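Single-structure report; data block below.
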Amino acid sequence: VKGTTMEKYRNKDLPVEERVEDLLDRMTFEEKIDQITCLVTIADDIPEFENYIPNGIGNVGAFTVADTVEPIVEYADKLQKYLVNHTRLGIPALIHCEASAGAQFTEADVFPSAIAQASTFDTEVVGEMTDIIRKQMYYVGFRQALSPVVDITRDPRWGRITETYGEDAALTSAMASAFVKGIQGDELKEGVLATAKHFAGHGITEGGLNMGRNIVSERDMREIHCKPFQCAITEAGLKSVMNSYCSVNGEPVVGSKKMLTDILRGEMGFQGFVVSDYLSLDRLVDPFAVAENFEEAGIRAIQAGLDVEYPRSKGFSYKMKESIESGRLSMDIIDQAVRRVLIQKFELGLFENPYPDLEKLKKYLHLKSADELNEKIAAESFTLLKNENKTLPLSKKIKKIAVIGPHADNIRSLFGTFSYPAVLDMTMSREEDGQEFEEPGLIIYDVEQKYKGEIREVSPRVNRKIQKEFPNSRTLCAALKEYLPEAEVVYAQGINCSGDNTGGMEEALQVAAGADVILLTIGGKNGWGVTSTVGEGIDSTDIDLPGRQEEFARRVYDLHKKTVVLHYDGRPLSNEFVASHFDAIMEVWQP
4 VKGTTMEKYR NKDLPVEERV EDLLDRMTFE EKIDQITCLV TIADDIPEFE NYIPNGIGNV
64 GAFTVADTVE PIVEYADKLQ KYLVNHTRLG IPALIHCEAS AGAQFTEADV FPSAIAQAST
124 FDTEVVGEMT DIIRKQMYYV GFRQALSPVV DITRDPRWGR ITETYGEDAA LTSAMASAFV
184 KGIQGDELKE GVLATAKHFA GHGITEGGLN MGRNIVSERD MREIHCKPFQ CAITEAGLKS
244 VMNSYCSVNG EPVVGSKKML TDILRGEMGF QGFVVSDYLS LDRLVDPFAV AENFEEAGIR
304 AIQAGLDVEY PRSKGFSYKM KESIESGRLS MDIIDQAVRR VLIQKFELGL FENPYPDLEK
364 LKKYLHLKSA DELNEKIAAE SFTLLKNENK TLPLSKKIKK IAVIGPHADN IRSLFGTFSY
424 PAVLDMTMSR EEDGQEFEEP GLIIYDVEQK YKGEIREVSP RVNRKIQKEF PNSRTLCAAL
484 KEYLPEAEVV YAQGINCSGD NTGGMEEALQ VAAGADVILL TIGGKNGWGV TSTVGEGIDS
544 TDIDLPGRQE EFARRVYDLH KKTVVLHYDG RPLSNEFVAS HFDAIMEVWQ P
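Quick look at the structure:
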């Protein structure tokens, strides 16, 4: 309007630093705190945002279980329009989701899990994959990926191996750099912020226990566990880092100035912002017991160098004002965290365009080229562990093939922990057990456990839903029937993934005995809580095959038939009998 003066922070032609300082000067204390906190909702209906975030919000976690992308786009659009048009300063939110094997929302492509990506030793395909993920996230309105996971993992008892690039710091560094470059893009205004995690040492916890303690030397911490983060910072301009849940040599990382400021920023030159892993700030109170309450935890964490608290305001709260007034906390520390968040929002171009674009999004979903890349990554990731007596390759002229085991005709087995099907498995299992999510709904990664050690098998309803969502995916059994139309492909599950139920074993052995070749599928199931044998928060004292699978494998071996073992899991095969007896073994991860 003629005669009016635009606020400097709204002027896209001004330098980012000038825009940030102008906006910072205009903000109330409460508005600043809102920028370094987060909202997560998981409800069927889009909430009335003014009821939850009347002053705005800096960050939003997108956990979506909608049937199509349209409600997800509507959610992001409604959120940003509320923030831009109905809050005092009109600051848009930074919406995040998981993306290590594809953006975690309905209809987005799911690629092989990270451990499979690492098995390709091919950074080019990772770059191509993340370019697809970037476009899908950009147009759905999600501008921060809580990926990649660059933890170095050397203890197979730890449940999160599937999300990592494995045990080698050099390989992980190369993969991390390729992922960050691809998802942030050449121009950040068209990119998605990468968030490397979990800084640092998260994959070497004592006893393989998730969120436990690390006993690690200073040299190993820097040369091994910090190396992939350093590579992503130096080679790819990493913009965001997530802290580890763990303690390092007795000090919780989320409250460690040494880790989050002295090493990460001082030694490694990181310039972006640090976000908390979900609920990790709470752990300063319990179990670490280094803060008396959440107010103390918030002060400790922000002074250490944590910039944003996920998934909701507990330590970073309006109560911090009392600490400012009493002199226990400096306002400069809060301004520093807010400044780091705002810089990224301006660099992303969120103030000019925070909205999703359904029409353009549709152009990047369900593409044949993405399917072809997906298949290429899967094929490159498969690892031939053993091939004796010229067992492989198999002939296409085989007349009868038996496909047996818990993964032989199970669509859920194709997907790892941080994938949309795993979310469906977890949420639908909760619904089937009559458990409801709290409103506004933080996810609790579990299903009630009726019996100690119980594992929830995949229900037919869950598998039908996954197959509907991923019509181009095929189970091993279904794919073979299409690939070899002249052959007789017979199937029997034989045994569950875990547990003691062996009721189908005899049937499967009969089916296998009449075949020319047996494809034996074995391995664990990746996910959350009691829906799975391994995953986030599902660690093991026993790294062998779960359930009665070894017993089943021994019975199959006794048939003395040509047999190929296919191991599906997010961690390596560790079974002495299978490794030493069968002639052909392939690791297929979650393809």
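Residue numbers (this note's numbering): 4 to 594.
We put the beta carbon where it would ideally sit given N, CA and C, even for glycine.
Computed from a prediction, not measured in an experiment: that's the story for all the values here.
For Phe-202, the three-state DSSP class (helix, strand or coil): The answer is strand: DSSP assigns Phe-202 an E or B state.
Residue interval of the beta strand (DSSP E) (run including His-99): DSSP places His-99 inside the beta strand (DSSP E), whose first and last residues are 97-100.
Nearest-angstrom Cα separation, counted from Val-23 out to Tyr-12: If you draw a straight line from the Cα of Tyr-12 to the Cα of Val-23, it comes to about 6 Å.
Assigned secondary structure, His-570 (DSSP; H/G/I helix, E/B strand, else coil): It is a strand residue.
C-alpha gap between Gly-507 and Phe-555, whole angstroms: Cα atoms of Gly-507 and Phe-555: separation of roughly 10 Å, rounded to the nearest angstrom.
Where Leu-445 falls: helix, strand or coil (DSSP): Residue placement at Leu-445 is flagged as unreliable, the pLDDT there being 45, under the threshold of 50; the coordinate-derived value follows with that caveat. Leu-445: coil per DSSP, three-state reduction.
Whole runs of the alpha helix (DSSP H) within the stretch 388-436, excluding any shorter than 4 residues: Listed in chain order, the alpha helix (DSSP H) runs fully inside the stretch 388-436 are 423-435, counting runs of at least 4 residues.
Anticipated Cβ contact below 8 Å, Ala-3 with Lys-403, distance rounded: The requested residue 3 is not part of the displayed model; the chain covers only 4 to 594.
Under the three-state DSSP convention, the category Glu-110 falls into: Glu-110 falls in the coil class under three-state DSSP.
Own chain partners of Ala-96 with C-beta closer than 7 Å, once the 5 adjacent residues on each side are dropped: Counting only residues of its own chain and dropping the five nearest sequence neighbours on each side, Ala-96 has a CB closer than 7 Å to the CB of Ile-60, Gly-61, Asn-62, Val-63, Leu-82, Gln-83, Leu-86.
For Phe-232, the three-state DSSP class (helix, strand or coil): Note: Phe-232 maps to helix in three-state DSSP.
Residue nearest to Gly-105 in terms of C-alpha spacing, selected from Met-214, Ala-382, Thr-420, Ser-543: Nearest C-alpha to Gly-105 among Met-214, Ala-382, Thr-420, Ser-543: Thr-420.
Residue closest to Asp-285, alpha-carbon to alpha-carbon, out of Phe-276, Ile-302, Gly-275, Phe-273: The shortest C-alpha separation from Asp-285 is found at Ile-302.
Under the three-state DSSP convention, the category Asn-529 falls into: Here Asn-529 sits in strand by DSSP.
Inter-residue Cα distance where the pair is Asn-466 and Leu-395: Approximately 31 Å between the Cα atoms of the pair.
Rounded Cβ spacing between Thr-534 and Ser-416 (contact assumed at less than 8 Å): With 8 Å as the limit, Thr-534 and Ser-416 do not qualify as a contact, their Cβ atoms being about 13 Å apart.
Contact between the stretch 140-148 and the stretch 381-393 (3+ Cβ pairs under 8 Å): At 8 Å Cβ cutoff, the stretches do not touch.
At least 3 beta-carbon pairs within less than 8 Å: the stretch 255-265 vs the stretch 292-308: The answer is yes - the stretch 292-308 touches the stretch 255-265, with three or more Cβ pairs under 8 Å.
Pick from Val-257, Gly-275, Tyr-321, Val-278 that is closest to Ile-294, judged by C-alpha positions: The residue asked about is misnamed: residue 294 is Ala in this sequence, not Ile. Restricting attention to Val-257, Gly-275, Tyr-321, Val-278, the CA atom closest to the CA of Ala-294 is found in Val-257.
Sufficient close CB pairs (3 or more, under 8 Å) joining the stretch 173-181 to the stretch 234-246: Enough Cβ pairs lie closer than 8 Å, so yes.
Backbone secondary structure at Phe-124 - three-state DSSP: Under the three-state reduction of DSSP output, Phe-124 falls in the coil class, being neither helix nor strand.
Given 8 Å, three or more beta-carbon pairs between the stretch 512-526 and the stretch 558-578: As far as the Cβ criterion goes, the stretch 512-526 touches the stretch 558-578, which means the pair count is three or higher.
Euclidean distance between Cα positions of Val-311 and Thr-198: Near 12 Å, if we compare the C-alpha coordinates of Thr-198 and Val-311.
Beta carbon of Gly-185 nearer than 8 Å to that of Asp-134: Pairing Gly-185 with Asp-134 gives a Cβ-Cβ distance under 8 Å.
Three-state secondary structure assigned by DSSP to Leu-562: Look at Leu-562 here: in three-state DSSP terms it is coil, with no helix or strand label.
CA-to-CA distance, Ala-117 to Trp-161, given in whole angstroms: One C-alpha to the other measures close to 15 Å.
Burial state of Arg-163 (16 or more Cβ within 10 Å): Buried: at least 16 other Cβ atoms inside 10 Å.
Element boundaries [beta strand (DSSP E), containing Glu-539]: Start and end: 537-539.
Option nearest Asp-223 by Cα separation, candidates Val-251, Met-214, Glu-131, Val-72: For Asp-223, the closest C-alpha among the options Val-251, Met-214, Glu-131, Val-72 is that of Val-251.
Reference Glu-460, options Ala-405, Asp-428, Glu-472, Leu-487, closest by Cα: Comparing Cα-Cα distances from Glu-460 to each of Ala-405, Asp-428, Glu-472, Leu-487, the minimum goes to Asp-428.
Collapsed DSSP secondary structure at Met-214 in the structure displayed: Met-214: coil per DSSP, three-state reduction.
Stretch pair the stretch 466-478 + the stretch 385-394: three plus CB contacts closer than 8 Å: Counting Cβ pairs under 8 Å, fewer than three are found: no touch.
Burial state of Gly-272 (16 or more Cβ within 10 Å): Only exposed fits Gly-272, as fewer than 16 other CB atoms lie within 10 angstroms of its CB.
Rounded C-alpha distance that separates Glu-537 from Ser-543: Correcting the residue identity first, residue 537 is Val in this sequence and not Glu. Rounded to the nearest angstrom, the two C-alpha atoms are 8 Å apart.
CB contact flag (Cys-500, Gly-550, <8 Å): Their beta carbons are under 8 Å apart, which means Cys-500 touches Gly-550 by this criterion.
Host beta strand (DSSP E) of Leu-42 (start-end): Annotation for Leu-42: the continuous beta strand (DSSP E) segment containing it runs 41-44.
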